[in-house]
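**Student:** Mind looking over this structure? Questions follow.
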């Protein structure tokens, strides 16, 4: 990231280059996804945040690649065993300390079901990466092996919106946890969410930035 600091929000620092990624056809980065997770945790899900664990993309990457020599120590403060849902954005990058990768997906540990649910907008693409994260985390969550289940989710129709789909799925998973739906309902509104949310996110970041001045 580079350029002027646009917003400092909890543990997130957004610069101009991060916010510029919200213009199509850019691929949103870990900073934008982490900002959204922080916003969900502290605003939209504040009343239930104690039962949710939001694990940042950088930490998930370290866990996946084994860069965290002691995974338990890295995640100790999150009290994962006490959480009903553990939310983990997964990237397909294979490097420890270099930016890269071309796809984001969402992995969710569901404590009640004792499984990992994988929401991938390009189904199957990130399965091996999700399994690597699950293998590393399972000893902290369950006394036995935990399955990774590919969950039904909207599939992307371009090559650049995977991060937006992760953010949408984060919102949906959290919303269902807080207020379980009576039925799945229609999915016709999902595409418009993808199209509009880049603009809405920029507006939200601007609003929060103005409030912090």
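In full-length UniProt numbering, the protein residues as written are 1 to 213. Note that CB positions come from ideal geometry on N, CA and C, so glycine has one too. Every value quoted in this text rests on a predicted model; they were computed, and no experiment measured them.
Would you mind listing the beta strand (DSSP E) stretches within the region 39-102 that are 3+ residues and don't spill past its ends, in chain order?
**Tutor:** Listed in chain order, the complete beta strand (DSSP E) runs (minimum 3 residues) inside the region 39-102 are 52-54, 85-91.
**Student:** When DSSP labels each residue in this structure, what does residue 207 get in the three-state scheme?
**Tutor:** The sequence position of residue 207 within the chain shown is 207, counting from 1. Note: residue 207 maps to helix in three-state DSSP.
**Student:** Considering residue 135, what are the terminal residues of the alpha helix (DSSP H) in which it resides?
**Tutor:** In the chain shown, counting from the first residue as 1, residue 135 sits at position 135. Where residue 135 is concerned, the enclosing alpha helix (DSSP H) stretches over 127-141.
**Student:** With DSSP run on the structure shown, which of helix, strand or coil describes residue 4?
**Tutor:** Here residue 4 is taken as the residue at index 4 of the chain shown, counted from 1. Residue state, collapsed to three classes: coil.
**Student:** May I ask you to list the residues that DSSP assigns as paired with residue 166?
**Tutor:** Here the question's residue 166 lines up with position 166 in the chain shown. Residue 166 pairs with nothing; no bridge assigned.
**Student:** At the level of alpha carbons, what is the spacing between residue 18 and residue 56?
**Tutor:** Mapped onto the chain shown, residue 18 falls at position 18. Mapped onto the chain shown, residue 56 falls at position 56. Whole-angstrom Cα-Cα distance: 16 Å.
**Student:** Residues in its own chain within less than 7 Å of residue 83 by CB, not counting five upstream and five downstream?
**Tutor:** Working through the chain shown from its first residue, we reach residue 83 at position 83. Hits under 7 Å: 51, 52, 53, 111.
**Student:** Please determine, among 4, 5, 141, 206, the residue with the shortest C-alpha to C-alpha distance to residue 76.
**Tutor:** Mapped onto the chain shown, residue 76 falls at position 76. Checked all of 4, 5, 141, 206; the closest Cα to residue 76 is 141.
**Student:** Mind checking which residues open and close the beta strand (DSSP E) that includes residue 108?
**Tutor:** Sequence index remark: in the chain shown, residue 108 carries index 108 (1-based). Its beta strand (DSSP E) spans residues 104-110.
**Student:** What residues match up with residue 150 in a beta bridge as DSSP calls it?
**Tutor:** Numbered from 1 along the chain shown, position 150 holds the residue referred to as residue 150. BP columns for residue 150 point to 118.
**Student:** Keeping to the same chain, check which residues put their C-beta closer than 7 Å to that of residue 117; ignore five residues upstream and five downstream.
**Tutor:** For the purposes of this step, residue 117 is taken as residue 117 along the chain shown, with counting starting at 1. Excluding positions up to five away in sequence, the list reads 108, 110, 149, 151.
**Student:** Using the rule of at least 16 other Cβ atoms within 10 Å of the residue's Cβ for burial, across every protein chain shown, is residue 46 buried or exposed?
**Tutor:** Start at 1 with the first residue of the chain shown, and residue 46 comes out as number 46. Looking at its Cβ environment, which holds fewer than 16 other Cβ atoms inside 10 Å, residue 46 is exposed.
**Student:** Residue 15 by DSSP, collapsed to three states: which one?
**Tutor:** Counting from 1 along the chain shown, the entry for residue 15 is found at position 15. Three-state result, residue 15: strand.
**Student:** Tell me which same chain residues have a C-beta within less than 6 Å of the C-beta of residue 121, skipping the five on either side of it?
**Tutor:** By 1-based counting over the chain shown, the position of residue 121 is 121. These residues qualify, in order along the chain: 155, 156, 162, 165.
**Student:** Would you say residue 40 and residue 171 are within 8 Å of each other, going by their C-beta atoms?
**Tutor:** By one-based count along the chain shown, residue 40 stands at place 40. By one-based count along the chain shown, residue 171 stands at place 171. Cβ atoms of residue 40 and residue 171: closer than 8 Å.
**Student:** Report all residues from its chain with a CB closer than 7 Å to the CB of residue 209; omit the five preceding and five following residues, and keep chain order.
**Tutor:** In the chain shown, the residue the question calls residue 209 occupies position 209. 6, 7.
**Student:** How long is the line joining the alpha carbons of residue 214 and residue 124, rounded to whole angstroms?
**Tutor:** The structure shown does not extend to residue 214, since the chain is modelled only from 1 through 213, so no value can be given for it.
**Student:** Quick check: residue 14 and residue 205, are their CB atoms within less than 8 Å of each other?
**Tutor:** Stepping through the chain shown from its first residue, residue 14 is reached at position 14. Stepping through the chain shown from its first residue, residue 205 is reached at position 205. Yes.
**Student:** Let me check one thing: in DSSP terms, what residues is residue 9 bridge-paired to?
**Tutor:** The residue given as residue 9 occupies position 9 in the chain shown. Partner(s): 12.
**Student:** Output needed for residue 202: all residues of its chain with C-beta closer than 7 Å, excluding positions within five of it in sequence on either side, in chain order.
**Tutor:** Within the chain shown, residue 202 is the residue found at index 202, counting from 1. Result list for residue 202: 19, 22, in chain order.
**Student:** Among 212, 199, 176, 135, which has the Cα closest to the Cα of residue 66?
**Tutor:** In the chain shown, counting from the first residue as 1, residue 66 sits at position 66. The shortest C-alpha separation from residue 66 is found at 135.
**Student:** Taking only three categories from DSSP, how would you classify residue 31?
**Tutor:** Here residue 31 is taken as the residue at index 31 of the chain shown, counted from 1. Helix at residue 31.
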